[in-house]
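The structure appears below as structure tokens.
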Amino acid sequence: MQWKIKFHPLVIKEDFKKLGLSQKRKIIKEIKKKLTKDPLNDGEPLKGSFKGFRKLKVSEFRVIYEVIKDRVLVLIIKIGIRKDYQVYKEFFYRLKKII
84 MQWKIKFHPL VIKEDFKKLG LSQKRKIIKE IKKKLTKDPL NDGEPLKGSF KGFRKLKVSE
144 FRVIYEVIKD RVLVLIIKIG IRKDYQVYKE FFYRLKKII
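Here the working numbering is used: the first residue of the sequence shown is 84, the next is one more, and so on.
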């Protein structure tokens, strides 16, 4: 089964603007390679307050996403550098904006 990938508009508007072209390409390549095939096994579940969301490691970057099974959809919600857990802090604030 082929899963559809959808990027939240803030990923395009904010996250990708912080990345260089080669970084964007690398991240998109990994997303397509892993999350279109098996997003539940290729990513890891988040814990605590972020239960229900998952992460994909792409070198120093983290791709945080939600799997919507009934729509066969992977929604990418946040992409960022893991350093000092910054990506998770930014993900928390993003969730407040979109929920």
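Glycine included, every Cβ here is placed at the ideal spot set by N, Cα and C.
According to DSSP, is residue 143 part of a helix, a strand, or is it coil?
coil
Considering just the uninterrupted stretch of the beta strand (DSSP E) at residue 159, what are its terminal residues?
156-164
Check each candidate in 165, 110, 85, 84 and name the one with the smallest Cα separation from residue 95.
110
For residue 98, count the other beta carbons within 10 Å of its own beta carbon; 16 or more makes it buried, fewer makes it exposed. Which is it?
buried
Measuring alpha carbon to alpha carbon, tell me which of 91, 146, 86 ends up nearest residue 181.
91
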